[in-house]
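Working notes for the structure below.
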Amino acid sequence: MAFRNTKTARNSSIDRNTRVIFLAVFVFILFIIYFFKLFSLQILYGNEYRSQSKTISSQVNTIPAQRGEIFDRNANLPMVINTESFAVEITPGEIPSGYYDTVAIKLASLLGISKFDIDKKVPKSVRRSFSTYQIRSNVPFSVISNIAENKTDLPGVSWVSKPIRNYVETGSISHVVGYVGDITKEEINIMYNQGYNRNSVVGKTGIEKQYDSLLQGIPGRESRTVDVRGRIISDTPVVEPPQMGKNLVLTIDSDIQHLAEKTLGNRVGAVVVLKPGNGEILAMVSYPYFDPNIFNTDEAGAYYQTLIEDEKNQPLVNRVVNAVYPPASTFKIIMSAAMLQEDVFPANKKIECRGRLVYGGRVFHCHVHEPGHGWLDMKGGLGQSCDVYYWTIGRDYLGISKIAAYSKEFGFGQSAKIDLPSQQSGFVPTAEWKERRYHEKWLGGDTMSASIGQGYMLATPLQVANMVAMVTNEGTIYKPHLLKEVRDPVTNEIISETKPEVLLKSNIAPEVWKQVKEAMLFTITDGSPQYPMHNKIVQAAGKTGTAEVAPYKTSWHSWMVAYAPYDAPVEDQVVVATIVEACNPWEWWAPYATNIILQGIFAKQTYEEAVQSLGFNYLMKNRVRQE
Numbered sequence: 000m001a002f003r004n005t006k007t008a009r010n011s012s013i014d015r016n017t018r019v020i021f022l023a024v025f026v027f028i029l030f031i032i033y034f035f036k037l038f039s040l041q042i043l044y045g046n047e048y049r050s051q052s053k054t055i056s057s058q059v060n061t062i063p064a065q066r067g068e069i070f071d072r073n074a075n076l077p078m079v080i081n082t083e084s085f086a087v088e089i090t091p092g093e094i095p096s097g098y099y100d101t102v103a104i105k106l107a108s109l110l111g112i113s114k115f116d117i118d119k120k121v122p123k124s125v126r127r128s129f130s131t132y133q134i135r136s137n138v139p140f141s142v143i144s145n146i147a148e149n150k151t152d153l154p155g156v157s158w159v160s161k162p163i164r165n166y167v168e169t170g171s172i173s174h175v176v177g178y179v180g181d182i183t184k185e186e187i188n189i190m191y192n193q194g195y196n197r198n199s200v201v202g203k204t205g206i207e208k209q210y211d212s213l214l215q216g217i218p219g220r221e222s223r224t225v226d227v228r229g230r231i232i233s234d235t236p237v238v239e240p241p242q243m244g245k246n247l248v249l250t251i252d253s254d255i256q257h258l259a260e261k262t263l264g265n266r267v268g269a270v271v272v273l274k275p276g277n278g279e280i281l282a283m284v285s286y287p288y289f290d291p292n293i294f295n296t297d298e299a300g301a302y303y304q305t306l307i308e309d310e311k312n313q314p315l316v317n318r319v320v321n322a323v324y325p326p327a328s329t330f331k332i333i334m335s336a337a338m339l340q341e342d343v344f345p346a347n348k349k350i351e352c353r354g355r356l357v358y359g360g361r362v363f364h365c366h367v368h369e370p371g372h373g374w375l376d377m378k379g380g381l382g383q384s385c386d387v388y389y390w391t392i393g394r395d396y397l398g399i400s401k402i403a404a405y406s407k408e409f410g411f412g413q414s415a416k417i418d419l420p421s422q423q424s425g426f427v428p429t430a431e432w433k434e435r436r437y438h439e440k441w442l443g444g445d446t447m448s449a450s451i452g453q454g455y456m457l458a459t460p461l462q463v464a465n466m467v468a469m470v471t472n473e474g475t476i477y478k479p480h481l482l483k484e485v486r487d488p489v490t491n492e493i494i495s496e497t498k499p500e501v502l503l504k505s506n507i508a509p510e511v512w513k514q515v516k517e518a519m520l521f522t523i524t525d526g527s528p529q530y531p532m533h534n535k536i537v538q539a540a541g542k543t544g545t546a547e548v549a550p551y552k553t554s555w556h557s558w559m560v561a562y563a564p565y566d567a568p569v570e571d572q573v574v575v576a577t578i579v580e581a582c583n584p585w586e587w588w589a590p591y592a593t594n595i596i597l598q599g600i601f602a603k604q605t606y607e608e609a610v611q612s613l614g615f616n617y618l619m620k621n622r623v624r625q626e
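If you use numbering that gives the first Met the number 0, the sequence shown corresponds to residues 0 to 626, in order.
Next comes the structure, spelled out in C-alpha cells:
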C-alpha cells in the first residue's frame, strides 16, 4: 500500500514538471512571435507603417497653382492669363447613410448636369470614403452662391478656387499657344511620378504642352487632422501656399502675327515669318484655326469632336509644321545651288524651252506652252520658273542621288526640331526607296518630277522657309524656335534665354550662294512674280511655286517664299513663306500675300495700310469664310 502511494506521488511530480516545461516552451514561443512581430513593425516595415499612420492622422488637400502667363516678344501684355474660377467637390463619407442619392440629385440640378455624371466621379465603391472627389471645374460664382445657400441640404459638398486659362489672344495664335484640359487616365499613367494628380490641368497642344513643366507651377497643400475614418478632428489647417508657374516670353510679334493672319484671310493655308539670323519665329499662321477658350466650357467635348470630324479643313492641324506639300518650283532654289556646286552645267549656258519636252514616250508640258520660254540661262530659268530647264538639269546632269543629297542638306526629309510637341519631317524620295516601296525601278520621269518639286517630294512650310534661311546665311540653318525667354512670375527677372543653335551646316561654296541670291533677286525684279512682288519700300528676293495636286484640275497650291531686305545684314532680314491650298478658289494669292506682309513689316503698316500702299485694293473682295 505504501509502495503504491509512493509510485503515485512520483507520477504526479513528473506530470507537474512536464506541464511546467510545456508552459515555459509555450511562453518562449509566444515571446519569439511577439519579438518578431515587433521587429517587423518597427524595423522591416517601419517606414511603411509610419507613412500609413501619417495618412490616417492627417488629410491633405491640394491647392492648385496658377499656370504661368504667356507673352509675345515685347512682353507688354500677356496673350494667355488665368481667370479665377471654382471647382465643386464631394466628400462622400460626410454624407449621412442613405442620403447620397438625394444630395447627388440636388447638386446635379444646381450644376446643370445629370446625376449620372456625378455617379461616374463617385462610384459606389468609394461612397463611404472621406477622400475628396472633384465633380466639376470652371463653375461660375453665381452657381457657387446657390450651392452655399443650400449648404444644409448638401452635406459633403464643398468648393475650392481653381483658376482657368483665359486666352486673350485668339485666332491664328491658337496653333502656337495650344490649349489645356483635364488630365486623362493615359496621361496620368505616364506622368504620375512628375507631381501630377487626377485633378491636374495639363497642356494638350502647342506651347501649353511643350512647356507644361515650366507653366505648371507647384501645387500647395492644406493639411487637417482627421480620425481613422478620415473625419476632420481639427478645423485649423496647415497651409503650404502654391507657387505660380514660370512666365514665358515667345518670339512671336503680335503685330506681325495679326498682319499675316489678316493677309491670309479665310484661305486654307499657312504663313510663317522667320528671322534667318537666329531662328526666331515672328509669326505662325495656319487657317482654319480654333478657339481655345471653348475648351474651358461645358461644350469642350462636343467642340473637340466637331474639330476632329472636319476632315476637309482640319482646323486642329498646324499647317506650318504638321502639313506637307509638294514644294513645287520653290525647290528650284535647291536645284540651282546643286547645279552650281557640282559644276555640272554653267550658269550662263542656255537651254531652249519650246514649251514641252518629250521623254520616255510621254510629253511633259512646261507651264508656258508652245512656243515656250525660248533660250534661258540659270537666272532666266529660275526667274521664269521654266520646267524644261530644270527637267533637263535634273535628268541629264544631276540625277536623283545628288538631288536627294542636296535636299537633305537644306533640311528636307528631316525634323526642323522646332519647340512644338509634334511636327512632320516631309519626304525626300530616292531610287532605293521606290524599289523597296513599290518594287519598281526609278525612272528618268521620276527624276524630272523631283527636279521641279513634284512627284513624291514633300515639305512643310517651315522647311521651305528654312531652305531660304540657308541661302541668306550662306550655308547655315538655325534651329527655329518659339520660346524667347523664361521669366519669374513675381520679380519678372529673366531666368533663361533661348540662344541661337545651329540645326544644319552646308559646305556649299560662297560664290554659289552669291549666284543663287542674284537669281532669286532677278526672279522678283524681272521674273514671273514681278508685279505682285513689286515693292517701293523694301527689296525682296524669292521664288514662287505652283503645285499640282489631285483631285484639283483648275486650281493649284500657290507658294511664295522670299527674304528681305535683299542687301541688309542677315540679322536684319526676315523670311516669309506662304502657301494657299488648292481647295481655295484659284487666285495665285501667295505672292500678293507675301508682299503685303513684307510691306507691313518694313513700312510698319497694318494690313489695310499695306494693301493701300501696294495698290492692291482692287483685289480685295468679300470672301465667304470656309468653316
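Don't be surprised by glycine CBs; every beta carbon is placed ideally from N, CA and C. Small disclaimer: the values here were computed from a predicted structure and weren't measured.
For the 8 Å CB-CB criterion, residue 190 and residue 65 do not form a contact. The alpha-carbon separation between residue 79 and residue 167 amounts to approximately 6 Å. In the structure shown, the three-state DSSP call for residue 133 is strand.
In its chain, beyond the 5 residues on either side, 351 and 352 have a beta carbon closer than 7 Å to the beta carbon of residue 373.
Per DSSP, residue 306 has no beta bridge partner at all. For residue 612, the enclosing alpha helix (DSSP H) begins and ends at 606-613. Counting only residues of its own chain and dropping the five nearest sequence neighbours on each side, residue 93 has a CB closer than 6 Å to the CB of 154 and 155. With contacts defined as CB atoms closer than 8 Å, residue 425 and residue 462 qualify as a contacting pair. Here residue 562 carries a strand assignment [DSSP, helix/strand/coil]. Comparing alpha carbon positions, the residue from 555, 222 and 109 closest to residue 236 is 222. For residue 517 and residue 378, the gap between their C-alpha atoms comes out near 8 Å. The distance from the Cβ of residue 407 to that of residue 502 is about 12 Å, inconsistent with a contact at the 8 Å cut-off. Annotation for residue 502: the continuous beta strand (DSSP E) segment containing it runs 501-504. Proximity of the segment 352-367 to the segment 601-620 falls short of the contact definition, fewer than three beta-carbon pairs being nearer than 8 Å. A Cβ-Cβ contact shorter than 8 Å links residue 284 with residue 259. Rounded to the nearest whole angstrom, the C-alpha separation of residue 469 and residue 196 is 45 Å. Residue range 361-364 is occupied by the beta strand (DSSP E) that includes residue 364. Put simply, the backbone Cα of residue 480 is about 51 Å away from that of residue 127.
In this structure, residue 484 lies away from residue 176, with their beta-carbon atoms at least 8 Å apart.
Under the three-state reduction of DSSP output, residue 127 falls in the coil class, being neither helix nor strand. The beta carbon of residue 252 is closer than 7 Å to those of 71, 72, 281 and 282 in its chain, skipping five residues each way along the sequence.
Using a Cβ distance threshold of 8 Å, residue 487 and residue 209 do not count as a contacting pair. For residue 286, the beta-bridge partners assigned by DSSP are 268. Here residue 514 carries a helix assignment [DSSP, helix/strand/coil]. Within the segment 370-398, complete alpha helix (DSSP H) segments of at least 4 residues are found at 377-382 and 386-392, given in chain order. Residue pairing from DSSP places residue 426 in a beta bridge opposite 457. Put simply, the segment 324-332 touches the segment 443-457. At least three CB pairs are less than 8 Å apart. Excluding residues up to 5 positions away in sequence, 174, 175, 176, 177 and 419 lie with their Cβ nearer than 7 Å to the Cβ of residue 205 in the same chain.
Under the criterion of beta carbons closer than 8 Å, residue 81 and residue 165 qualify as touching, at roughly 7 Å. Judged by beta-carbon spacing, residue 392 lies within the 8 Å limit of residue 338, meaning their Cβ atoms are closer than that value. Residue 289 is classed as buried because its beta carbon has at least 16 other beta carbons within 10 Å across all chains shown. For residue 324, DSSP records a beta bridge to 458.
Annotated three-state conformation of residue 484 is strand, per DSSP. Under DSSP, residue 543 shares a beta bridge with 559. Residue environment for residue 368: exposed (fewer than 16 other C-beta atoms within 10 angstroms of its C-beta).
Look at residue 85 here: in three-state DSSP terms it is strand.
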